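Here's the structure, in structure tokens; my notes come after.
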Amino acid sequence: MMNDTWQRLKSDRYGMGGLMVVAAFAFIAICVWSGLLGQGWSEVSGNRWESASASHWFGTNLLGQDIFQRTLFGTATAFEVGLIVTLCSTILGALLGALSGWYSNGWLDEVILWIKGVLDSIPFYLFAAAIAYALQGNTWAMHVAMIVTFWTTTARIIRGEVIRIKQREYIEAAQAIGLPDLLIIFRHVLPNTFHILLVQASIVFVAAINTEVILSFLGLGIQDGVSWGLMLAESSQEVLAGHFGNFIAAGSFLFILLMGFNLLADSLQDAVDTRRVIQ
Amino acid sequence: MKTPALSVSNLRIWFESGSNRNHAVDNISFNILPGEATGLVGESGCGKSMTALAILGLLPAAGIKTSCSSIKVNGIEISRLSQAQRRDILGRDIAMIFQQPGTALDPVFTIGSLIGATYRRHFGGSKQVIRQAVCESLESVGFKDPGQIAATYPHQLSGGMRQLAMIAMATICKPAVIIADEPTTSLDSATRSIILQQLARLQKSHQTAVLMISHDLGVIRQNCNQVLVMYCGRLVEKTDSQHLFAHARHPYSAGLVSCIPQINVQQGSSLASIPGQVPTADRLPPGCHFAPRCTRARPVCDEAAPELDDAQGVGVACFRPLS
Amino acid sequence: MTRSYVARRLLYGIPLVLGVTFISFLLMVYFGPDKTYELLGKNPTADQIREVRQALGYDQPFMLRYADYLKQLVTLDLGLSDSSGESVSSILGRTLPISIALVLPGFVLGNIAGLMLGLMAAWYRGKWLDKLIMSASVVGMSVSFLVIIIGLQILLCTPYGLNLFPVRGWQVHDLGSYLYFVTVPTLALVFVTLGYNTRFYRAVMADEIDRDHIRTLRAYGASPFELMFKHVLKNSLIPILTRIMFSIPFVVISGSLLLESYFGIPGIGLVTFNAITSGDQPVLKAVVGLTGVLFVLALTVNDLLYSLVDPRVAKP
């Protein structure tokens, strides 16, 4: 199954292009984490608003910090947010979705559906604001807000899939020999939804990076460190004065990474969509 | 000799993947005279439905190609028409009845508006005229209360009633040709005979030519004068329908006939079946496609494909036909 | 559609409304920051503290405070803003029309354009036009809302671009001034939603085009126009309606939040943005609670619309 998926993915040049872009950015992020790149993001290395030069590829910002260094560091921030949010919300969505689907129409299902309905009813940025307000500026408020709201889509998809899987013969057989429900769910049901989780995770990753930018601009996002969202927020004042460094650097890095991820997510979706292949 | 209502010659349909051409329908030709019914039989997947869609010019373009020397309706060539010209013919001169009455009618429109739209498209007219035509057409397929049926939505009718409504839609423009693709397959046997009787009656009264596609020889026997037997995209036998049941000449046709339960019961033998499986379009054997499953096959059958010679109106594509 | 059906649908919304209001209560009132000391002077006495806590309702039991919050939402008596002292309901009443005027054109245009592009792509599925539209929508989806806003601002509002429209502000008194201030935000909203809308609508339409009944209509000579605009469109109304109804509260709130805080437009989004930055709890809890309730209402209306649109949805 995964092997087939990989083969199909490999034959899609847009998907492979996307994968390479994502891999390149991931490499930058790893280099930043291990101290090889972007370490000079906070030091003042020039005058304010220097234009692009050999020593400052994208110029400097208001404080004279190197925009390129900050952009590289922002890559790591984006991946950190993306990874944490994707991992947590996918796990949460998979677990709750599987329980909901396995006990479909039972009370547990009803409760989980109700929670999903409630969370889906609050506009996201307001929810993020409410959480930030409740946690009083805690660094993790943004992550919590995203995790708490992003799991619902994953859970909805997994619920549907689990209801389908539940009717297969080998699951009925496992039930017939008296295996406990949780064991069946973890050993036999959830592993069969892995390909769906993979696609969904790639979509959540895109959403997380996108959302971080907006939240940081609204002052609800990254508190310390630097992110593309903070750089864009900075640039919103600067562009009127003709300083485009922050905007071009953060905007183009963000665009290329999102584009790569979107292409990858699309072709992953095509690759695991076995129904289409059978047709 | 009368002009055939439908005449198809050298129709080919193939899938193109890279440089490979896999034929789904391979060079078939036939004529149907006005007021006559021709059956097209064969196992599912042998290309029957594709033939129907190709005649109407409706095959989806993705990877599927068609070619033919001509397709004529009432002597008028339709295979070279533009999309817009073809739309004038479809529904008016040649209509189709589909297999699944449950899904073949748009669920969000009433029966009356669907049938009426077909009439308006081709003949126009005021609301009253169209309404009148719809009611007449529904009445002609046996509905006692056409006005009420016209106001219902497809999901409110039973499968058989939906199929009757579909027939009303097919006959409202009094087309020269009706193609019925497995019209009774999804229905129970009581409904089936009503549908078949209505079709036969309309065929007589309007002098319509019917191409009846079915895998069910019972249906063919009840309604058709002529039979075309298809195997793996090729016509293997073309014959008179009564003749087929008594004296099938192609081993495949004979196999099909012997698979009909009641005939076997009369013969007192057990239910026969044809050994082996239908090959897929990309793994067709060279020579006669039926050879690997044929008990009468000889080496020549694996080398060359036998031609169907139907100069006398009947014919068989076999090197060693049954006599 | 009977009255009892409407009543039943509304009844289904009650658990959701309770959930939404409960969460906003929990986050913003119960777990929210203690405002006692903000309201007190230096060195307050124990009596003063008790007085303030009583005024804020902190001494009440949990459920009573929640019930109080519910009552506030129902009666629209939402208290006074911490920062301006104005009553919250009058702030909302004043700013909501501005937000609607701001986002409505972009919302409508974004959906219509997405629908048309989606129809075109679905009709020419697999052809170059489809590929072009779909590639363009992936590009569109990959540009952040913030980048679009800043980019459009540079292009249209500054001397570095065409310099046709105002950088920020909202002095609307007639149609001309409305168009002057609304154009750039509208373009931004259309741009950011178009990619997603086009993909969604194409997927819906492509599904519908494959249906058996569409093939039937083709076999009966229906024109592409009739197929697409009469049959495919009417059959896909349910997902289309659902998407539109679902996205209304989100576009109004999220769209206006960003657009208004960026362009300095005094709508509900700017009020919310200021409440976020200054921690103005009465405003925040009113906005969160009310939009949740509005969303549930939109859901209910959506369900009711289903039975109007599709005869297959049972009418009890």
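Residue numbers (my numbering), protein chains in the order written: chain R, 11 to 289; chain E, 3 to 325; chain A, 9 to 324.
All C-beta atoms, glycine included, are put in the ideal place defined by N, C-alpha and C.
In this text, all values refer to a predicted model and were calculated from it rather than measured experimentally.
Exercise. How about Gly127 of chain R: is its C-beta nearer than 8 Å to some C-beta of chain A?
Worked result: Residue numbering aside, residue 127 of chain R sits at position 117 when the first sequence is read from its first letter. By this cut-off, Gly127 of chain R is an interface position.
Exercise. Using the rule of at least 16 other Cβ atoms within 10 Å of the residue's Cβ for burial, across every protein chain shown, is Gln49 of chain R buried or exposed?
Worked result: In the first sequence, counting from the first residue as 1, residue 49 of chain R sits at position 39. Looking at its Cβ environment, which holds fewer than 16 other Cβ atoms inside 10 Å, Gln49 of chain R is exposed.
Problem set entry | Which residues DSSP lists as bridging Gln13 of chain E, in chain order | Along the second sequence, read from residue 1 onward, the residue named residue 13 of chain E stands at position 11. Before going on, a small fix: residue 13 of chain E reads as Leu here, not Gln. According to DSSP, Leu13 of chain E bridges with E:Ile30.
Exercise. Between Pro148 of chain E and chain A, is there a C-beta pair that is closer than 8 Å?
Worked result: Taking the first residue of the second sequence as 1, we reach residue 148 of chain E at position 146. Chain A contact via Cβ: absent.
Problem set entry | Rounded straight-line distance, which links the Cα of Leu112 of chain A to that of Ala211 of chain R | Numbered from 1 along the first sequence, position 201 holds the residue referred to as residue 211 of chain R. Numbered from 1 along the third sequence, position 104 holds the residue referred to as residue 112 of chain A. Distance between the alpha carbons of Ala211 of chain R and Leu112 of chain A is about 32 Å.
Exercise. What are the start and end residues of each continuous beta strand (DSSP E) run of 3 or more residues lying completely inside the segment 117-200 of chain R, in chain order?
Worked result: none
Problem set entry | Thr285 of chain A: contacting residues in chain R (beta-carbon distance under 7 Å) | If you number the third sequence from 1, residue 285 of chain A lands on position 277. Within 7 Å Cβ-Cβ: Gly229.
For this session: Would you list the residues sitting across from Tyr233 of chain E in a DSSP beta bridge?
Result: Stepping through the second sequence from its first residue, residue 233 of chain E is reached at position 231. In DSSP, Tyr233 of chain E forms a bridge with E:Arg236.
For this session: Report yes or no: is there a C-beta of chain R within less than 8 Å of the C-beta of Val295 of chain A?
Result: Against the third sequence, residue 295 of chain A aligns to sequence position 287. Closer than 8 Å to some Cβ of chain R, the Cβ of Val295 of chain A qualifies, so yes.
For this session: Classify Glu79 of chain E as helix, strand or coil using the three-state DSSP reduction.
Result: Working through the second sequence from its first residue, we reach residue 79 of chain E at position 77. Here Glu79 of chain E sits in strand by DSSP.
Exercise. Does the Cβ-Cβ distance between Arg18 of chain R and Val236 of chain R come in under 8 Å?
Worked result: Position 8 of the first sequence, counting from 1, holds the residue named residue 18 of chain R. Position 226 of the first sequence, counting from 1, holds the residue named residue 236 of chain R. No, Cβ-Cβ distance for Arg18 of chain R and Val236 of chain R is not below 8 Å.
Exercise. Does the distance from the C-beta atom of Ile157 of chain R to that of Leu35 of chain A stay below 8 Å?
Worked result: The sequence position of residue 157 of chain R within the first sequence is 147, counting from 1. The sequence position of residue 35 of chain A within the third sequence is 27, counting from 1. Not closer than 8 Å, so no.
Exercise. Alpha carbon to alpha carbon, how far is Ala306 of chain A from Gly300 of chain A?
Worked result: Taking the first residue of the third sequence as 1, we reach residue 306 of chain A at position 298. Taking the first residue of the third sequence as 1, we reach residue 300 of chain A at position 292. Distance between the alpha carbons of Ala306 of chain A and Gly300 of chain A: 10 Å.
For this session: Just the C-alpha distance for Leu200 of chain R and Val214 of chain R, rounded to the nearest angstrom, thanks.
Result: Counting from 1 along the first sequence, the entry for residue 200 of chain R is found at position 190. Counting from 1 along the first sequence, the entry for residue 214 of chain R is found at position 204. The straight-line gap from Cα to Cα measures roughly 19 Å.
Problem set entry | Chain-ordered residues of the segment 71-104 of chain A with a beta carbon less than 7 Å from chain R | none
For this session: Determine the direct distance from the alpha carbon of Arg251 of chain A to that of Val267 of chain E, and round the result to whole angstroms.
Result: Taking the second sequence and counting its residues from 1, the one referred to as residue 267 of chain E is at position 265. Taking the third sequence and counting its residues from 1, the one referred to as residue 251 of chain A is at position 243. Any reading at Val267 of chain E needs caution, since the residue's pLDDT is 49, under 50, leaving its predicted position unreliable; the model's value is listed next. If you take the alpha carbons of Val267 of chain E and Arg251 of chain A, they lie about 60 Å apart.
Problem set entry | Whole-number beta carbon distance between Cys175 of chain E and Ala39 of chain E, since they are thought to touch under 8 Å | As a first step, residue 39 of chain E must be located in the second sequence, where it is residue number 37. As a first step, residue 175 of chain E must be located in the second sequence, where it is residue number 173. Between Cys175 of chain E and Ala39 of chain E the Cβ distance is about 19 Å, and since that is not below 8 Å, they are no contact.
For this session: Taking Cys70 of chain E as the reference, give the member of E:Asn24, E:Leu116, E:Ala119 and E:Leu13 with the closest Cα.
Result: Taking the second sequence and counting its residues from 1, the one referred to as residue 70 of chain E is at position 68. Checking every option, the nearest Cα to that of Cys70 of chain E belongs to E:Leu13.
Problem set entry | Chain-ordered neighbours of Ser150 of chain A on chain R, where CB pairs are closer than 7 Å | As a first step, residue 150 of chain A must be located in the third sequence, where it is residue number 142. Here the neighbours are Phe265, Leu268, Met269 and Asn272.
Exercise. Which residues of chain A have a Cβ atom closer than 8 Å to the Cβ of Ile132 of chain R, listed in chain order?
Worked result: Counting from one through the first sequence, the residue named residue 132 of chain R turns up at place 122. Here the neighbours are Val28, Ile31, Ser32, Val296, Thr299, Gly300 and Phe303.
Problem set entry | Assigned secondary structure, Thr70 of chain R (DSSP; H/G/I helix, E/B strand, else coil) | Indexing the first sequence from 1 puts residue 70 of chain R at position 60. If DSSP states are grouped into helix, strand and coil, Thr70 of chain R belongs with the strands.
For this session: Note down the Cα distance separating Phe321 of chain E from Ala172 of chain E, rounded to an integer number of angstroms.
Result: Counting from one through the second sequence, the residue named residue 321 of chain E turns up at place 319. Counting from one through the second sequence, the residue named residue 172 of chain E turns up at place 170. Using only the alpha carbons, I get a separation of about 41 Å.
For this session: Would you please state the rounded distance, in angstroms, between the beta carbons of Gly92 of chain R and Ala165 of chain R? I believe it to be under 8 Å.
Result: Taking the first residue of the first sequence as position 1, residue 92 of chain R is located at position 82. Taking the first residue of the first sequence as position 1, residue 165 of chain R is located at position 155. Actually they do not touch by this definition, with Cβ atoms about 19 Å apart.
Exercise. What are the partner residues of Thr173 of chain E, as DSSP defines its beta bridges?
Worked result: Position 171 of the second sequence holds residue 173 of chain E. Beta-bridge pairing links Thr173 of chain E to no other residue.
Problem set entry | Chain-ordered chain R contacts of Ser262 of chain A [CB-CB under 9 Å] | Taking the third sequence and counting its residues from 1, the one referred to as residue 262 of chain A is at position 254. By Cβ distance, chain R contributes Pro133, Phe134, Tyr135, Leu136 and Ile224.
For this session: Using alpha carbons as the reference points, say which of E:Ser9, E:Ala167 and E:Thr297 lies closest to Ala153 of chain E.
Result: Here residue 153 of chain E refers to the residue found at position 151 when the second sequence is read from its first residue. Cα-wise, what sits closest to Ala153 of chain E is E:Ala167.
Exercise. Would Gln161 of chain A count as contacting chain R if we go by Cβ distances under 8 Å?
Worked result: Stepping through the third sequence from its first residue, residue 161 of chain A is reached at position 153. Gln161 of chain A counts as touching chain R.
For this session: Consider the Cβ of Asn220 of chain R: report whether some Cβ of chain A lies at a distance smaller than 8 Å.
Result: The sequence position of residue 220 of chain R within the first sequence is 210, counting from 1. Yes, Asn220 of chain R lies at the interface with chain A (some Cβ there is under 8 Å from its Cβ).
Exercise. What are the residues that DSSP puts in a beta bridge with Lys67 of chain E?
Worked result: Looking up residue 67 of chain E in the second sequence gives position 65. Lys67 of chain E pairs with E:Trp16.
Exercise. If we count the other Cβ atoms within 10 Å of its Cβ and call it buried at 16 or more, is Glu182 of chain R buried or exposed?
Worked result: Residue mapping note: residue 182 of chain R aligns to position 172 of the first sequence, counting from 1. Under this definition Glu182 of chain R is an exposed residue.
Exercise. Which partner residues does Gln75 of chain R have in the DSSP bridge list?
Worked result: Locating residue 75 of chain R in the first sequence gives position 65, where the first residue counts as 1. Answer is R:Val54.
For this session: Quick one: grab the DSSP three-state call for Asp22 of chain R.
Result: Within the first sequence, numbered from 1, the residue matching residue 22 of chain R stands at position 12. In the structure shown, Asp22 of chain R sits in coil (DSSP, three-state: anything other than H, G, I, E or B).
Exercise. Is Gly21 of chain A buried or exposed, if buried means 16 or more other CB atoms sit within 10 Å of its CB?
Worked result: By 1-based counting over the third sequence, the position of residue 21 of chain A is 13. With 16 or more Cβ atoms within 10 Å of its Cβ, Gly21 of chain A is classed as buried.
Problem set entry | Reference Val154 of chain R, options R:Ser262, R:Ile77, R:Gly270 and R:Glu222, closest by Cα | Taking the first residue of the first sequence as 1, we reach residue 154 of chain R at position 144. Nearest C-alpha to Val154 of chain R: R:Glu222.
For this session: Would you tell me roughly how many angstroms separate the C-alpha atoms of Ile108 of chain A and Asn256 of chain R, rounded to the nearest one?
Result: Here the question's residue 108 of chain A lines up with position 100 in the third sequence. Here the question's residue 256 of chain R lines up with position 246 in the first sequence. Each residue's alpha carbon lies about 32 Å from the other.
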